[in-house]
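In what follows, a single structure is set out as C-alpha cells and then discussed.
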Amino acid sequence: MLQNKIKIIAISGSLRANSSNEKILQVIATMISEKVDFFTYKGIAALPHFDDADPVPIPVAVFRKHLQEADAVLICTPEYAFGVPGSLKNALDWTVGSGELVDKPLALITASTGGEKAHAQFLQIFAALSAKIPNGGDLLISYVRSKLDAAGGISDAPTLKAVQSVLDKLILAVEEKTTGKA
Numbered sequence: 010m011l012q013n014k015i016k017i018i019a020i021s022g023s024l025r026a027n028s029s030n031e032k033i034l035q036v037i038a039t040m041i042s043e044k045v046d047f048f049t050y051k052g053i054a055a056l057p058h059f060d061d062a063d064p065v066p067i068p069v070a071v072f073r074k075h076l077q078e079a080d081a082v083l084i085c086t087p088e089y090a091f092g093v094p095g096s097l098k099n100a101l102d103w104t105v106g107s108g109e110l111v112d113k114p115l116a117l118i119t120a121s122t123g124g125e126k127a128h129a130q131f132l133q134i135f136a137a138l139s140a141k142i143p144n145g146g147d148l149l150i151s152y153v154r155s156k157l158d159a160a161g162g163i164s165d166a167p168t169l170k171a172v173q174s175v176l177d178k179l180i181l182a183v184e185e186k187t188t189g190k191a
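Number 191 marks the last residue of the sequence shown (the working numbering); no jumps.
Written out as C-alpha cells, the structure reads:
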C-alpha cells in the first residue's frame with residue numbers, strides 16, 4: 010500500500026475554460042479517490058514559444074517543476090485542423106531536452122469531433138518523449154459534444170466507463186512503478 014498520495018497533473022489541450030476537454034477533466038476530478046492528489050495545470054497559454062532558451066523562462070521552469078513532482082500526467086486534448094493543438098505541442102516541446110516525461114506514466118484522452126489524427130500524432134510524440142502510456146491508458150472520444158450533457162457531465166455511459174478505465178490504468182501504472190512490479 011502506498012503511504013503518500015499519488016500526484017497526477019492534468020493538462021487540457023484546449024485553452025477555453027468551457028471546452029469539452031476541460032469539462033472531461035472536471036468529471037475526472039470527481040472520480041478521484043482519496044489516495045490521489047489531482048491537479049489541473051492551467052498555464053500552457055503563458056509558456057513562451059519554444060526556443061531552448063538558457064536560462065529557462067520562469068513559466069517554463071514552473072511547468073517543468075509541476076511535471077517533475079507529479080507521479081503521472083493525464084492529458085485531455087482536442088484535435089485542431091487534423092493535428093495537435095499548438096499550445097500543448099509547444100508545452101511538450103519544452104520537455105524534450107529536460108526529460109520530465111521520461112518513464113513517467115501518462116494517460117491520453119483525445120476528445121474532439123473526430124480526433125483520430127491528433128490522437129495518433131500524440132501517441133508518436135509521447136513515444137519520442139519516452140512517456141509510459143499503460144496498456145488501456147489512451148482513449149479517443151469522437152463526437153465528444155454528443156456525449157456531454159448541458160451541465161458538462163459525461164452523459165454517455167460507455168464513454169464514462171472508458172474514462173474511468175483510463176484513470177484506473179494510470180493509477181495502477183503509478184502503483185506498479187512505485188512498488189517495482191512494472
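Glycine included, C-beta positions come from ideal geometry on N, C-alpha and C.
Cβ distance (whole Å) where residue i is taken to contact residue j below 8 Å
i: Lys141; j: Pro114; result: 5 Å
i: Val82; j: Ile20; result: 7 Å
Coil, strand or helix - residue i by DSSP
i: Ile53; result: helix
i: Leu76; result: helix
i: Ile33; result: helix
i: Gly95; result: helix
i: Lys16; result: strand
i: Asp46; result: strand
i: Ser174; result: helix
i: Lys4; result: With the chain covering 10 to 191 only, the question about residue 4 has no answer from this structure.
Own chain residues within Cβ distance below 7 Å of residue i, not counting five before or after
i: Ala120; result: Ser29, Asn30, Ile33, Cys85, Pro87, Ile150, Val153
i: His75; result: Ile18, Tyr50
i: Phe47; result: Ile17, Ala19, Ala38, Ile41
Under 8 Å between C-beta atoms of residue i and residue j
i: Ile180; j: Val45; result: yes
i: Trp103; j: Phe72; result: yes
i: Leu148; j: Val183; result: no
i: Ile118; j: Val172; result: yes
i: Ala127; j: Val105; result: no
i: Lys16; j: Glu78; result: yes
i: Lys98; j: Pro143; result: no
i: Leu24; j: Ser96; result: yes
Close Cβ partners of residue i (< 6 Å) along its chain, the five nearest in sequence each way excluded
i: Thr122; result: none
i: Ala26; result: none
i: Ala100; result: Ile53, Leu56
Same chain, Cβ closer than 8 Å to residue i, five either side skipped, listed in chain order
i: Val111; result: Leu138, Ser139, Ala140
- Message: Contact between the segment 54 to 66 and the segment 27 to 44 is defined here as three or more beta-carbon pairs at a separation below 8 Å; is this criterion met?
- Response: Three or more beta-carbon pairs separated by less than 8 Å are not found between the segment 54 to 66 and the segment 27 to 44, which leaves the two stretches without contact.
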